[in-house]
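Here is the structure we will look at.
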Amino acid sequence: MLDGTADNLELECERFEEEIEKAGGVDLFIGGIGPDGHIAFNEPGSSLVSRTRLKTLAKETIVANARFFDDDLSKVSPLNSCVE
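With the working numbering applied, the sequence shown corresponds to residues 14 to 97, in that order.
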């Protein structure tokens with residue numbers, strides 16, 4: 014699992030990619046679809062060749078996810094780890 018609470022998120026993304034490779038790849042991935050059509054926090058315009066990485070979230074995505082944080086926008090991180 015990708016640990017979004019890791020102290021160093023860039024290293025966590027690298028670790029996650031290594032785990033995927035050791036497991037022989039991904040057979041099934043379940044991710045959410047955002048209000049603008051993004052999948053698993055891959056906002057529109059995301060690179061099609063990148064892998065697990067940090068991504069700055071669009072304001073619309075932050076607002077949509079505030080419901081998980083008592084509707085407090087300040088609790089929603091503008092930076093998220095995502096998988097492509």
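Glycine is no exception: its CB is placed at the ideal position from the N, C-alpha and C atoms. Keep in mind that this is a model prediction, so the values were computed, not measured.
Check	Outcome
What did DSSP end up calling I43 once you bin it into helix, strand or coil?	coil
Tell me the DSSP secondary structure of L67 in three-state form.	strand
Using the beta-carbon count (16 or more within 10 Å), is S63 buried or exposed?	exposed
Given this structure, state the Cα-to-Cα distance separating K88 from R80, to the nearest angstrom.	10 Å
Measuring straight from C-alpha to C-alpha, what distance separates S59 and V96?	11 Å
Compare the beta carbon distance of L15 and T65 with 8 Å and say whether it is the shorter of the two.	yes
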